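What follows is one structure encoded as C-alpha coordinates, with my remarks underneath.
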(Lines of atoms letter the chains of each structure in order from A and count residues from 1; the text may use other names and numbers.)
(Lines give C-alpha, C1' and ligand atoms only; values in the text may rest on other atoms or scores of the structure.)
Protein backbone atom coordinates (compact mmCIF):
# COMPACT_ATOMS: atom_id res chain seq x y z
CA UNK A 1 0.00 0.00 0.00
CA UNK A 2 1.08 3.57 -0.55
CA UNK A 3 2.20 5.39 2.59
CA UNK A 4 0.66 8.82 3.03
CA UNK A 5 2.38 11.27 5.33
CA UNK A 6 0.23 12.83 8.06
CA UNK A 7 -2.06 15.64 6.96
CA UNK A 8 -0.72 19.17 7.10
CA UNK A 9 -2.35 22.24 8.54
CA UNK A 10 -4.75 22.42 5.58
CA UNK A 11 -5.80 18.79 6.02
CA UNK A 12 -4.19 17.52 2.81
CA UNK A 13 -1.82 14.62 2.29
CA UNK A 14 1.22 14.52 0.07
CA UNK A 15 2.42 12.41 -2.86
CA UNK A 16 5.86 11.66 -1.46
CA UNK A 17 5.25 7.92 -1.75
CA UNK A 18 4.17 7.98 -5.41
CA UNK A 19 6.95 6.74 -7.67
CA UNK A 20 4.80 5.02 -10.29
CA UNK A 21 1.16 5.02 -11.32
CA UNK A 22 -1.06 2.58 -13.22
CA UNK A 23 -4.28 3.44 -15.03
CA UNK A 24 -7.10 1.06 -15.91
CA UNK A 25 -10.15 1.76 -18.04
CA UNK A 26 -12.80 -0.04 -19.99
CA UNK A 27 -13.04 2.71 -22.63
CA UNK A 28 -10.92 5.45 -24.10
CA UNK A 29 -11.62 8.73 -22.23
CA UNK A 30 -12.64 7.03 -18.93
CA UNK A 31 -9.27 7.77 -17.34
CA UNK A 32 -9.20 11.40 -18.47
CA UNK A 33 -12.76 12.03 -17.28
CA UNK A 34 -12.31 10.30 -13.94
CA UNK A 35 -8.76 11.27 -13.03
CA UNK A 36 -7.46 13.76 -15.59
CA UNK A 37 -6.97 16.57 -13.10
CA UNK A 38 -5.16 14.30 -10.65
CA UNK A 39 -2.88 13.07 -13.44
CA UNK A 40 -2.04 16.62 -14.46
CA UNK A 41 -1.26 17.41 -10.83
CA UNK A 42 0.94 14.43 -9.98
CA UNK A 43 2.78 14.28 -13.30
CA UNK A 44 3.56 17.99 -13.21
CA UNK A 45 4.90 17.62 -9.67
CA UNK A 46 7.00 14.52 -10.45
CA UNK A 47 8.72 14.73 -13.88
CA UNK A 48 9.61 11.34 -15.29
CA UNK A 49 6.94 9.52 -13.29
CA UNK A 50 6.28 6.07 -14.75
CA UNK A 51 2.67 5.66 -15.88
CA UNK A 52 1.40 2.30 -17.16
CA UNK A 53 -2.06 2.46 -18.74
CA UNK A 54 -4.42 -0.22 -20.01
CA UNK A 55 -7.68 0.42 -21.89
CA UNK A 56 -9.75 -2.62 -22.81
CA UNK A 57 -11.62 -1.31 -25.86
CA UNK A 58 -11.13 1.03 -28.80
CA UNK A 59 -8.00 -0.52 -30.26
CA UNK A 60 -7.54 -0.04 -33.98
CA UNK A 61 -10.07 2.79 -34.19
CA UNK A 62 -9.97 6.57 -34.03
CA UNK A 63 -10.57 6.24 -30.31
CA UNK A 64 -7.16 4.67 -29.81
CA UNK A 65 -5.54 7.63 -31.58
CA UNK A 66 -7.52 9.99 -29.35
CA UNK A 67 -6.41 8.13 -26.24
CA UNK A 68 -2.71 8.19 -27.09
CA UNK A 69 -2.79 11.94 -27.72
CA UNK A 70 -4.95 12.66 -24.69
CA UNK A 71 -2.96 10.70 -22.13
CA UNK A 72 0.28 12.19 -23.42
CA UNK A 73 -1.25 15.60 -22.66
CA UNK A 74 -2.71 14.56 -19.30
CA UNK A 75 0.63 13.03 -18.19
CA UNK A 76 3.13 15.78 -19.06
CA UNK A 77 6.74 14.69 -18.74
CA UNK A 78 5.79 11.15 -17.69
CA UNK A 79 7.25 7.86 -18.89
CA UNK A 80 3.90 6.78 -20.35
CA UNK A 81 3.27 3.23 -21.56
CA UNK A 82 -0.23 2.80 -22.97
CA UNK A 83 -1.94 -0.32 -24.31
CA UNK A 84 -5.38 -0.14 -25.98
CA UNK A 85 -7.07 -3.47 -26.64
CA UNK A 86 -9.94 -4.41 -28.96
CA UNK A 87 -12.56 -5.89 -26.64
CA UNK A 88 -16.05 -4.93 -27.84
CA UNK A 89 -17.65 -1.97 -26.10
CA UNK A 90 -20.46 -2.95 -23.73
CA UNK A 91 -19.59 -6.65 -23.78
CA UNK A 92 -16.99 -7.08 -21.04
CA UNK A 93 -18.99 -9.72 -19.10
CA UNK A 94 -18.90 -11.93 -22.20
CA UNK A 95 -15.13 -11.43 -22.53
CA UNK A 96 -14.22 -11.94 -18.89
CA UNK A 97 -11.25 -14.25 -19.50
CA UNK A 98 -9.66 -11.86 -21.98
CA UNK A 99 -10.15 -8.90 -19.66
CA UNK A 100 -8.72 -10.78 -16.69
CA UNK A 101 -5.69 -11.89 -18.70
CA UNK A 102 -5.05 -8.28 -19.76
CA UNK A 103 -5.23 -7.02 -16.17
CA UNK A 104 -2.90 -9.78 -15.02
CA UNK A 105 -0.46 -8.93 -17.81
CA UNK A 106 -0.41 -5.32 -16.67
CA UNK A 107 0.30 -6.47 -13.13
CA UNK A 108 3.17 -8.65 -14.38
CA UNK A 109 4.96 -5.64 -15.83
CA UNK A 110 3.95 -2.95 -13.34
CA UNK A 111 4.07 -2.64 -9.56
CA UNK A 112 2.51 0.80 -9.10
CA UNK A 113 2.37 2.84 -5.92
CA UNK A 114 -1.03 4.11 -6.97
CA UNK A 115 -3.68 2.68 -9.29
CA UNK A 116 -6.59 4.60 -10.83
CA UNK A 117 -9.46 2.36 -11.95
CA UNK A 118 -13.26 2.25 -12.10
CA UNK A 119 -15.08 1.55 -8.83
CA UNK A 120 -17.42 -1.40 -8.18
CA UNK A 121 -20.46 0.81 -7.67
CA UNK A 122 -20.36 2.15 -11.24
CA UNK A 123 -23.61 1.35 -13.06
CA UNK A 124 -21.96 0.67 -16.43
CA UNK A 125 -21.38 -3.07 -16.79
CA UNK A 126 -17.94 -2.65 -18.37
CA UNK A 127 -16.72 -0.26 -15.67
CA UNK A 128 -18.16 -2.39 -12.89
CA UNK A 129 -16.73 -5.60 -14.32
CA UNK A 130 -13.24 -4.15 -14.65
CA UNK A 131 -13.43 -2.81 -11.10
CA UNK A 132 -14.16 -6.31 -9.83
CA UNK A 133 -11.13 -7.67 -11.65
CA UNK A 134 -8.70 -5.18 -10.14
CA UNK A 135 -8.27 -6.80 -6.69
CA UNK A 136 -7.73 -10.22 -8.26
CA UNK A 137 -4.44 -8.98 -9.72
CA UNK A 138 -3.52 -5.89 -7.67
CA UNK A 139 -4.00 -7.34 -4.21
CA UNK A 140 -1.60 -5.14 -2.24
CA UNK A 141 -1.91 -1.81 -4.02
CA UNK A 142 -3.64 1.45 -3.27
CA UNK A 143 -6.56 1.70 -5.67
CA UNK A 144 -8.51 4.91 -6.25
CA UNK A 145 -11.84 4.26 -7.94
CA UNK A 146 -12.72 7.20 -10.17
CA UNK A 147 -16.22 8.38 -11.02
CA UNK A 148 -17.73 9.19 -14.42
CA UNK A 149 -20.80 11.38 -14.77
CA UNK A 150 -23.37 9.79 -17.10
CA UNK A 151 -27.02 9.05 -17.77
CA UNK A 152 -27.20 6.26 -15.16
CA UNK A 153 -27.06 8.68 -12.22
CA UNK A 154 -24.69 6.52 -10.17
CA UNK A 155 -22.65 9.21 -8.42
CA UNK A 156 -22.17 8.23 -4.80
CA UNK A 157 -20.32 9.34 -1.68
CA UNK A 158 -16.59 9.06 -2.36
CA UNK A 159 -14.06 8.96 0.45
CA UNK A 160 -10.88 10.47 -1.05
CA UNK A 161 -10.40 13.87 -2.67
CA UNK A 162 -7.68 15.47 -4.76
CA UNK A 163 -8.15 19.26 -4.79
CA UNK A 164 -7.57 20.89 -8.16
CA UNK A 165 -6.42 24.42 -8.75
CA UNK A 166 -8.71 26.44 -11.02
CA UNK A 167 -5.99 26.31 -13.66
CA UNK A 168 -5.84 22.51 -13.55
CA UNK A 169 -9.63 22.17 -13.59
CA UNK A 170 -9.84 24.41 -16.66
CA UNK A 171 -6.96 22.56 -18.35
CA UNK A 172 -8.72 19.25 -17.78
CA UNK A 173 -11.90 20.46 -19.49
CA UNK A 174 -9.94 21.98 -22.37
CA UNK A 175 -8.00 18.76 -22.96
CA UNK A 176 -11.17 16.66 -22.82
CA UNK A 177 -12.79 18.81 -25.48
CA UNK A 178 -9.64 18.95 -27.59
CA UNK A 179 -8.64 15.29 -27.62
CA UNK A 180 -11.96 13.41 -27.77
CA UNK A 181 -13.93 14.86 -30.71
CA UNK A 182 -15.72 11.53 -31.13
CA UNK A 183 -17.51 12.14 -27.81
CA UNK A 184 -18.74 15.69 -28.33
CA UNK A 185 -22.11 14.45 -29.58
CA UNK A 186 -22.96 12.97 -26.19
CA UNK A 187 -25.39 15.20 -24.26
CA UNK A 188 -23.44 14.96 -20.99
CA UNK A 189 -20.02 15.55 -22.53
CA UNK A 190 -19.61 19.27 -21.94
CA UNK A 191 -17.84 21.89 -19.89
CA UNK A 192 -20.73 22.41 -17.48
CA UNK A 193 -20.90 18.75 -16.53
CA UNK A 194 -17.18 18.36 -15.90
CA UNK A 195 -16.65 21.62 -14.04
CA UNK A 196 -19.95 21.23 -12.19
CA UNK A 197 -18.97 17.89 -10.69
CA UNK A 198 -15.49 19.20 -9.90
CA UNK A 199 -17.06 22.18 -8.10
CA UNK A 200 -19.32 19.94 -6.02
CA UNK A 201 -16.41 17.70 -5.04
CA UNK A 202 -14.41 20.81 -4.22
CA UNK A 203 -17.12 21.99 -1.85
CA UNK A 204 -16.96 18.64 -0.10
CA UNK A 205 -13.23 19.03 0.65
CA UNK A 206 -13.03 22.80 1.20
CA UNK A 207 -11.47 23.54 -2.18
CA UNK A 208 -12.63 25.33 -5.31
CA UNK A 209 -12.46 22.19 -7.45
CA UNK A 210 -11.56 18.55 -6.83
CA UNK A 211 -11.72 15.03 -8.15
CA UNK A 212 -13.10 12.37 -5.84
CA UNK A 213 -12.43 8.66 -5.55
CA UNK A 214 -13.81 5.56 -3.88
CA UNK A 215 -11.52 3.34 -1.80
CA UNK A 216 -11.94 -0.11 -0.33
CA UNK A 217 -8.77 -0.13 1.74
CA UNK A 218 -6.32 2.61 2.69
CA UNK A 219 -3.09 2.00 4.59
CA UNK A 220 -1.46 4.93 6.39
CA UNK A 221 2.14 5.53 7.35
CA UNK A 222 1.75 7.98 10.22
CA UNK A 223 5.40 7.62 11.18
CA UNK A 224 6.27 9.56 8.03
CA UNK A 225 9.18 7.38 6.89
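Numbering (the UniProt record's numbering), first residue to last: 1 to 225. Think of the CB as a built atom: it goes at the ideal place given N, C-alpha and C, for glycine as much as any other residue. All values derive from a computational prediction rather than experimental measurement.
- Rounded to the nearest whole angstrom, the C-alpha separation of residue 126 and residue 114 is 21 Å.
- Check the Cα spacing between residue 19 and each of 111, 186 and 154: the tightest is with 111.
- Between residue 195 and residue 169, the C-beta spacing is below 9 Å.
- For residue 173 and residue 135, the gap between their C-alpha atoms comes out near 30 Å.
- Secondary structure at residue 162: strand, using DSSP grouped into helix, strand and coil.
- At a Cβ-Cβ threshold of 9 Å, residue 60 and residue 198 do not count as neighbours.
- Within a 10 Å sphere around the beta-carbon of residue 219 sit fewer than 16 other beta-carbons, which makes this residue exposed.
- Residue 93 sits away from residue 30, with the two beta carbons spaced by 9 Å or more.
- For residue 214, no alpha helix (DSSP H) segment is defined; the enclosing uninterrupted segment is the beta strand (DSSP E) at 209 to 214.
- Contact between residue 147 and residue 163 fails: their C-beta atoms lie close to 16 Å from each other, not under 8 Å.
- Counting every other CB atom within 10 Å of its CB across the protein chains shown gives residue 105 a total below 16, marking it as exposed.
- Inter-residue distance for residue 66 and residue 145 is about 23 Å (C-alpha atoms, whole angstroms).
- Residue state for residue 121 is assigned as coil, using DSSP reduced to three classes.
- Taking C-beta atoms as the reference points, residue 27 and residue 58 count as a pair closer than 9 Å.
- For the pair residue 179 and residue 152, the CB atoms are not nearer than the 9 Å cut-off.
- The Cβ atoms of residue 42 and residue 55 lie no closer than 9 Å to each other.
- DSSP, read as helix, strand or coil, puts residue 191 in helix.
- Here residue 61 carries a coil assignment [DSSP, helix/strand/coil].
- In the DSSP assignment, residue 37 falls within the alpha helix (DSSP H) that extends over 30 to 45.
- With a 10 Å radius around the Cβ and a threshold of 16 neighbouring Cβ atoms, residue 203 comes out exposed.
- In this structure, residue 100 sits near residue 133, with a CB-CB distance shorter than 9 Å.
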